[in-house]
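The opening residue of the sequence shown carries number 7 in the working numbering; numbering runs sequentially from there.
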Amino acid sequence: MISSTARFVFLAIVIGLLLSFGGPTCILLADSPAFPPRVTLAEIQQRISAAPKTHPRLLATREQLTNLSKTLDSDPLRRQLADAIIREATHLRTVPPIERKLIGRRLLDKSRTCVERVSALAMAYYLTGDAKHVDRCKQEMLAAARFSDWHPEHFLDTAEMTFALALGYDWLYGELDDASRQEIRAAIVSKGVRVPFDTKFNGWVRATNNWGQVCHGGLTVGALAVMEDEPDLAARTVYSALTNVVPSMKAFAPHGSYPEGPGYWSYGTSYNVLLISALESALGSDFGLSQAPGFKETGAYPAIACGPSGLFFNYADGSDDRGIQPARFWFAARYHRPDWLRDEREYWSDTLTRWSRNPHIDMGREIPLALLWMEPPAANVPNRLPLNWQSEGSVPVTIHRSSWNDADAVFIGLKAGSPSGNHGHMDVGSFVLDSDGVRWAADLGAEPYNGIETRGMDLWNRAQNSDRWKIFRLNNFSHNTLVIDDQLQLAAGNATVEKFSDAPSRPFSIVDMTPVYKGQAASVKRGVALLPSHEVLIQDELTGLKPGSRVRWGMLTPGEPAELGRQTLELHQQDKRLTLKLLEPRKLQWREIETAKPPHEWDSPNPGTRMIAFEAVAPESGTLTLAVLTTPGSCKASVADEIRPQPLKEWGNSAARKK
7 MISSTARFVF LAIVIGLLLS FGGPTCILLA DSPAFPPRVT LAEIQQRISA
57 APKTHPRLLA TREQLTNLSK TLDSDPLRRQ LADAIIREAT HLRTVPPIER
107 KLIGRRLLDK SRTCVERVSA LAMAYYLTGD AKHVDRCKQE MLAAARFSDW
157 HPEHFLDTAE MTFALALGYD WLYGELDDAS RQEIRAAIVS KGVRVPFDTK
207 FNGWVRATNN WGQVCHGGLT VGALAVMEDE PDLAARTVYS ALTNVVPSMK
257 AFAPHGSYPE GPGYWSYGTS YNVLLISALE SALGSDFGLS QAPGFKETGA
307 YPAIACGPSG LFFNYADGSD DRGIQPARFW FAARYHRPDW LRDEREYWSD
357 TLTRWSRNPH IDMGREIPLA LLWMEPPAAN VPNRLPLNWQ SEGSVPVTIH
407 RSSWNDADAV FIGLKAGSPS GNHGHMDVGS FVLDSDGVRW AADLGAEPYN
457 GIETRGMDLW NRAQNSDRWK IFRLNNFSHN TLVIDDQLQL AAGNATVEKF
507 SDAPSRPFSI VDMTPVYKGQ AASVKRGVAL LPSHEVLIQD ELTGLKPGSR
557 VRWGMLTPGE PAELGRQTLE LHQQDKRLTL KLLEPRKLQW REIETAKPPH
607 EWDSPNPGTR MIAFEAVAPE SGTLTLAVLT TPGSCKASVA DEIRPQPLKE
657 WGNSAARKK
């Protein structure tokens, strides 16, 4: 029988040969490791001991990096991206290196700036061979290396700075002088990789949110960059990451969604990709991390969560701006799913064109890495993305859309879950709505952290009476959901998707919101249905209300109302329109609530928005049904004059019936 040591030595030799000939950075092992990783510290030590010690070894080999310039003429987008990177790197020669200046309680802005600059400058060197890029990158890294520390009190700052210097150190190892290498390496070790082992700043190690992915990713890249000089520290760091990143990677189960929304997907998942890629390129295996339930599906999540308007379904602390996400190219290439990219290449090209008109715009910190992951455009790519989708998982959301190819398609996303989730809002039952290419029902997204924190408000306490719920953008008064008697949703409540249908004729979702309205009503449920006419029915059923209770139905919108005070309301935006008809109760009227200037001095303004709302009063029975039909301007045959709401318990045969 072959010993464990012999097996690892043999594998290391094979890996070394493959890497020496410019082989792929992803090496598939015969034993196909499973999730969660079951590797021991001793096995990691053996792997590190046997691994090649050449540089670069993180994410790509020297041959792969030097060959990038040869791939540009075959793909216009790669050429456009390379030109943008070179332009940015050239501009950085006129910019002084970063300084250690905190913004509020964070150094994170400087850490991210360092990542952006190092990645652009190092990549520009391989694209051009111009040593001036190396000199400027060295200045940036030495400036950061000489900081007193990398602010481990907020460990994301430390993790991202560690990644920045590790990438530059590894990619430019042969171009740096020995004194600079020693100084940068010492900083990576003392101010980054060693910190959680030698200090109290390790509370993040078992994090269940994006912190686990970012911090383990950044530190592991740092450890692998210096593993020939610090083999024991590198082994301990890798072992810690493989053991402790598991809770945060469970977020992808079961279908690849992300509990903190698509904005934080970009952050946490990008570092998860860097962690996996660095392990594979340096040690030949990710030890099973990519086998995490849902991880193989999560590359589809940004496309699914993006509406025809080009905006995200931005629940939790996230912007609706889809932004540039290099990791999407990694997923599409790894899992052979070019359909996950949809119009991503066109979006990148448009963005890069805008940037070319302003040479001083910040590119974004991982954008140069897209050159490593971007494959040539594929022709006639079949679309395998679903029209109707439910995430399940800890923060259930559902999405229905009428088409992937129609610019006028209807898109509605509905959220369940709990306000007490990571980066959660009191947005249970809230929805976003697109039609005719624009966003009609919107979400304001996050309140900027620093302004709230510098006031001394407790932004991160999710208890019912905490300061977090005094913030307009975070409570249910600003979201497209219900407000009963001017009360907040229950922060500890957890709503579920009671029923979901992807029937092509009439897909729908029903959310049981009762747990977040406990004490306000006996039962609260919301259903949304996408009708064959491309209209959307939004129907709420409430029981056990106190007679006389006031229930406010609200939809935050950038649309301009034509005429208020009626049962039917027409919204206008650009040259598009959306009509909202109040089906139940029939005698109520639409009104407008101020959102552009929110109620408290600490709230950020929300220009160009308003809340379209109506208020119903509970009868003696304590039972209310609220139903609204939205009709896009492109609708050819509206059912607004014929439709009658059907009880939610009967949805499934049809979501609505005619009179």
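Just so it is clear, CB atoms sit at the ideal spot from N, CA and C, and this is done for glycine as well.
Close-in-space but distant-in-sequence residues of the same chain around A170 (CB under 6 Å, 5 per side omitted): C120, V121 and V124
- prompt: Among L570, F620 and A447, which has the Cα closest to the Cα of V542?
  reply: A447
- request: Pull up the CB-CB distance for A126 and A95, whole angstroms please, since I reckon it's below 8 Å.
  value: 5 Å
query: Leaving out the 5 sequence neighbours to the left and right, which residues in its chain are closer than 7 Å to S355 when beta-carbon positions are compared?
result: L83 and Q86
- request: Please decide whether P382 counts as near chain C, where near means a Cβ-Cβ distance under 8 Å.
  value: Here there is only one protein chain, and chain C is not present.
query: Do G262 and T304 have their C-beta atoms within less than 8 Å of each other?
result: yes
- request: Starting from A318, follow its DSSP beta bridges and name the residues at the other end.
  value: In the sequence as presented, Ala is not what sits at residue 318; that position holds Phe. C312.
field: As assigned by DSSP and simplified to three states, the class of A447
entry: strand
message: Classify R616: buried if its beta carbon has 16 or more other beta carbons within 10 angstroms, exposed otherwise.
response: buried
query: Mind checking whether R99 and K138 have CB atoms under 8 Å apart?
result: yes
field: Whole alpha helix (DSSP H) elements within the region 627-665, 4-residue minimum
entry: none
message: Report the CB separation of V403 from Q495 in whole angstroms; it is logged as a contact under 8 Å.
response: Not quite, the Cβ-Cβ distance comes to about 16 Å (not below 8 Å), so this is no contact.
- request: Would you kindly report the start and end of the unbroken alpha helix (DSSP H) that includes D163?
  value: F161 to W177
task: Return the first residue and the last residue of the alpha helix (DSSP H) that T249 is part of.
output: P237 to N250
message: Looking at the strands, I want to know which residues DSSP matches up with N394.
response: H406
field: Euclidean distance between Cα positions of A646 and L577
entry: 16 Å
Reduced DSSP category for M380 - H, G, I as helix; E, B as strand; rest coil: coil
- prompt: Does the beta-carbon of L654 have 16 or more other beta-carbons within 10 angstroms, so that it is buried, or is it exposed?
  reply: buried
query: Can you find at least 3 beta carbon pairs, one from the region 576-596 and one from the region 511-524, that sit closer than 8 Å?
result: no
message: Please report the distance separating the alpha-carbon of V634 from that of I282.
response: 47 Å
message: Between the region 61-76 and the region 271-287, can you find at least three pairs of beta-carbon atoms closer than 8 Å?
response: yes
query: Any idea if F203 is buried or exposed, counting beta-carbon neighbours within 10 angstroms, 16 or more meaning buried?
result: exposed
message: Since V220 and Y179 should fall inside the 8 Å C-beta cutoff, what is the C-beta to C-beta distance between them, to a whole number of angstroms?
response: Not confirmed; about 24 Å, so no contact.
- prompt: If you run the structure through DSSP and keep just helix, strand and coil, what is C354?
  reply: Before going on, a small fix: residue 354 reads as Trp here, not Cys. Reduced to three states, the DSSP call for W354 is helix.
message: Please classify R268 as buried or exposed, where buried requires at least 16 other C-beta atoms within 10 Å of its C-beta.
response: Note on identity: in this sequence residue 268 is Pro, with Arg being the wrong assignment. Result: buried.
- prompt: Just to confirm, are E566 and Q579 a CB contact at a threshold of 8 Å?
  reply: yes
message: Can you list, in chain order, the residues of its chain with a C-beta nearer than 6 Å to that of M463? Leave out the 5 residues immediately preceding and following it.
response: D473
S283, enclosing alpha helix (DSSP H) - first and last residue: G267 to L289
Supposed close pair F437, I310 - CB separation, criterion 8 Å: Rounded, the Cβ-Cβ distance is 15 Å, inconsistent with contact.
Residue nearest to T585 in terms of C-alpha spacing, selected from E600, T601 and A568: A568
- prompt: What beta strand (DSSP E) runs, 3 residues minimum, are completely inside the region 464-523?
  reply: 488-490, 502-507 and 514-518
query: Among P42, P605 and S555, which one has its Cα closest to the Cα of G294?
result: P42
- request: Please classify I109: is it buried, with 16 or more other beta-carbons within 10 angstroms of its beta-carbon, or exposed?
  value: exposed
message: Distance check for A619 and P332, CA to CA, integer angstroms please.
response: 39 Å
query: Do you know offhand how far W657's Cα is from T631's?
result: 15 Å
query: Where I418 and G430 are concerned, what is the direct C-alpha to C-alpha distance, given to the nearest angstrom?
result: 20 Å
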